[in-house]
Every structure is written in C-alpha cells, then in structure tokens.
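Residue 263 in the UniProt record's numbering sits at position 263 of the sequence shown, and the numbers go up by one each step. We put the beta carbon where it would ideally sit given N, CA and C, even for glycine.
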Amino acid sequence: MRPSGRREVEPEQTVPELRRDPLTRDWVVLAPGRAHRPNRLSQPVTAPPPPVSTEPDCPFCPGNEDRTPPELWRRHDADGGWTVRVVPNRFPLLADRPVPARHRRDGPFVTTDGFGSHEVVIEGRRHDLDLPDLDEQAVAAVFEAYRARSRALRDGRASLVLPFRNHGTASGASLPHPHSQIVAVRVVPDRFRRRLDIARAYYEDRGNPLDADVTAAELGEGTRVIAVSEHVVAHAPFASSAPYQIRITPREQRASFADESGETVADTANMVRRLLTALRRMLGDVPYSYMIISAPNGEERTSFCSWHLDVMPRLAVAGGFELGSGMAVNPVFPEQAAARLRDAMASPAASRSRRPALRDAAQALGETSTTPTGSTGAVEEGAVQQPQEGRHPGPSSGTMEQRGDDR
Ligand SMILES: [Zn+2]
C-alpha cells in the first residue's frame, strides 16, 4: 500500500548532504559521488553453492540434535518434529555463568565480568532454505522465538536483549544453515542510554513520543515509505547510515518487542520476509544483518520510545573517516532506496520475469546517482549482468563448525 500525500522523488540527488538521525542525533554523510570510486565490492557478491536439503556434518540439521547444547525453546509440527529450535551457542561471545556481574575500577579503567547469554535460533529443518524462502507461518515462528526468548532473558535479569540475523560471510555469518542469534548482556550500551535521553527530552518538550512522531512524519511525507501493513510500517530512515537500510516500526508504539502482540509479531515477520525477497531481487544474494532494537530492560513500560527492526545491507566497508568521525558515509539517498524497494515489492511477478538481479554491489551503488527517477532505478534493462535466479542458500564457503565469532 502506498500512502497518500507522497511527493515525487527528487529526479537527481547528486549533491552531498549531511543528515541527523532524529533518534540518535548521529550525523550521516549522504555522498552520491562516492558511488563512482573504484570499489573492491565490484566482484559478484557470492556464488551460490549447490543446494543440499540436509548436510550430514551440519550441527543444525535434523538428526544432529545431540550436537547442540540442550534446547531452550522449540516449535513443532503436528507430527511432533521440530520446526524451529533455540539452543545455547556452543561458542558464546559471553559466559553463561551463574555468578553476579562484578564491577572493578582501576583509575580510568572499568571492567565487568563477561556474563550474559548467547543463543542460536535454528530457523528450519532445511539446510538450503533461507529465511525469505520459508512460508509465512514458518517465518512467523522464528519471530515468535525472538519474542519468547526475549521475555525469558529479561526475566533472567539481562539489561539488554538483542535478537539479530547475519546473512553472508561479509556480515559475520559463519555457518550456512539458516539461523539467527539472540545475545543478552548485563550492561546498557551508551547509545541506548542516549537514545532514551533524547526520546525523554522530546517527550517532555512536545508531549509526543519521538518514534511515533517520526513514523507519522514518514507516512505523511511518503517518499521514504516502502510498505505499510496492518500493524507495521517499513521505511528507509531519513538519515540512513547504509545503502538500502530499512526500518520497520510498529504502528502502535511499544517499547519492547518482547511485549508485542502475536499479530504484530507475525506481521513483522511477514514484512521482513517480503523485504528480504525484494532486496534479493534487486541486489542478488547481498550480505546483510538485521537486528531488533528495543528499550533496555527496566524501561519497557516507557511511553516515550518504541522498538524497531533495522535491516542493514553490508555493501560498504567503513574507512578511516567513518571510524574516526563516527559518521557513516552512505552513497544511496534513502528516497531512492525506498522507491526501488517499493518497486521490487509491488510487482514481484514483473520483477521476477523481466528484471535481472543486480548482483554487482558496486553497480548497485554506482547506478544510484545517475538514475533519473527513483521509480525504476537500478533494475533497468542493460544496466545489469545476469538474469534473475531463485533463492540462494547463503555463503558458498564456511566451516560447518558453529563458531563463536558469528556476530
Ligand atoms: Zn544444516
């Protein structure tokens, strides 16, 4: 559904612009000229491995359940076989020890124990079916796992619970069997505190929740809206820090995804499934991460901020300027990213049959500033190399071992 009142996309945005993220106050450099520089990403993103529905050595495949730690949560079908499993990560990035976190301070240096939890959500039985290839109910069950485990970990007194998914080796994924992860920590990172402070100040000043105002403004403005469903809105954020960044927000504000209704969880899952499908049609098997950002635990009843889910395609590598300044550089204007994603979502049949996938990441970026209108964008005939193919199961290489660096 397209919102009413949407302006036409600017025909060409070739002049760099600095934009400030309303939620974090981080600055982002929108730099269309950066798309034309030589880029090591001008190689095809990934070569799809031959499809195998079950891999004998894979610890996540059916039959190998004894190769994971004991299950924490499962969804099963009518026959009693599991369809989604949540297990502790065998190589966790944090220690799951029943000891209280101890703070130590030595002059300017502060240490606390690396206590927390790290769980793996095995998204399905098939080794070769990626998340967007699963049906609506199967994806909804994965998101139900995020909600259920987020609640359980919050009750275990974690300060912050973060469900996320890495796809492709460039995003940090190390095991091909489709899975996501949930990490819970006992500290609240500064950026979360700052976001809360900004939202609180805005609420005290204006009397409205900031996130709700941003979503309402995006719906009114329209150019960055990608899709609207009964319970959620997907848009390209005003200050997108990565090319084709997508944000999903609930239409009815709620601080924590753990407290979301079953309908909204299912609606979010389906929106993610559609968006990932559209992204793959446009860019091929692009690496990405998505994560669900909620208010820290203890703030889940707050009325002034809301959870959101960000999809971040991993098309660019941060350089010295980005690392030094803390400012992201993004060569794709969010208005154009949104127009292309709308297009890819609106006519799936047409996209599939007529429009070749844009496999070349540098080309995806390079096409941006020369595209005359955002409406057909990067998928014009002649601007691409290879015909559209079906789904791809994931990275072509990668160890079968479940590694702790998958984050
Ligand atoms: Zn497997």
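- When C-alpha distances from Ala278 are compared across Asp343, Val265, Leu196, the shortest belongs to Asp343.
- In the three-state scheme derived from DSSP, where H, G and I count as helix and E and B as strand, Glu335 is classed as helix.
- With 5 angstroms as the limit, the residues whose C-beta approaches a heavy atom of ligand 1 more closely than that are Glu55, Cys58, Phe60, Cys61, His127, His177, in chain order.
- A direct Cα-to-Cα measurement between Leu276 and Pro132 gives close to 6 angstroms.
- For Arg20, the closest C-alpha among the options Val265, Ser117, Pro237 is that of Pro237.
- Assigned with DSSP and collapsed to three states, Leu196 falls in helix.
- Less than 9 angstroms divides the Cβ of Glu65 from the Cβ of Arg85.
- For Ser325, the enclosing alpha helix (DSSP H) covers residues 320-325.
- Burial state of Ser303 is exposed, judged by a 10 Å Cβ sphere holding fewer than 16 other Cβ atoms.
- Rounded to whole angstroms, the separation of the alpha carbons of Ala316 and Glu335 is 19 angstroms.
- Closest by C-alpha distance to Gln137, out of Val214, Met271, Ile248, is Met271.
- Leaving aside the five residues that flank Ala338 on each side, the residues in its chain whose CB is nearer than 6 angstroms to its CB run, in chain order, Arg224, Ile226, Ala236.
- Judged by beta-carbon spacing, His177 lies beyond the 9 angstroms limit of Arg165, meaning their Cβ atoms are not closer than that value.
- By the Cβ-count criterion, Val15 is exposed, with fewer than 16 other Cβ atoms from all chains shown falling within 10 Å of its own Cβ.
- Nearest in C-alpha terms to Asp190, of all of Arg301, Thr264, Met291, Leu160, is Leu160.
- If you check the CB distance, Asn297 and Ser256 come in under 9 angstroms.
- By the Cβ-count criterion, Ser289 is buried, with 16 or more other Cβ atoms from all chains shown falling within 10 Å of its own Cβ.
- The beta carbon of Asp96 sits closer than 6 angstroms to the beta carbons of Ser117 from its chain, once the five residues preceding and following it are set aside; these are given in chain order.
- From the listed residues Pro163, Val233, Asp77, the smallest Cα separation to Ala148 is found for Pro163.
- Each of Pro250, Gly114, Arg186, Arg125 was checked against the Cα of Val228, and the nearest Cα belongs to Pro250.
- Membership of Ala31 in any alpha helix (DSSP H) is not indicated, and neither H nor E is assigned to it by DSSP.
- In the displayed model, Glu17 falls within a strand according to three-state DSSP.
- When secondary structure is reduced to three states using DSSP, Gly220 falls in the helix class.
- Counting other Cβ atoms within 10 Å of its Cβ, Ser261 stays below 16 and is therefore classed as exposed.
- The beta strand (DSSP E) runs lying completely inside the segment 235-290 and spanning 3 residues or more are 246-250, given in chain order.
- With respect to the 9 angstroms criterion, Glu71 and Leu196 are not classified as neighbours on the basis of their beta carbons.
- Residue burial is scored here from C-beta neighbours: Pro69 has fewer than 16 other C-beta atoms within 10 angstroms and is therefore classed as exposed.
- For Glu119, the uninterrupted beta strand (DSSP E) segment begins and ends at 116-122.
- In the three-state reduction of the DSSP assignment, Leu162 falls in the strand class, which pools E and B.
- Here Phe109 is bridged, per DSSP, to Asp106.
- By the criterion of a C-beta distance shorter than 7 angstroms, Trp73 is surrounded in its chain by Val86, Ala145, Ala148, Arg149, once the five residues flanking it on both sides are discounted.
- Ala78: not part of any beta strand (DSSP E); DSSP gives it neither H nor E.
- Distance from the Cα of Gly319 is smallest, within the candidate group Ala173, Val311, Asp310, Val329, for Val329.
- Burial is judged here by how many other beta carbons sit within 10 angstroms of a residue's own beta carbon; Val110 has fewer than 16 and is exposed.
- Our two residues, Phe333 and Arg314, have alpha carbons roughly 16 angstroms apart in a direct line.
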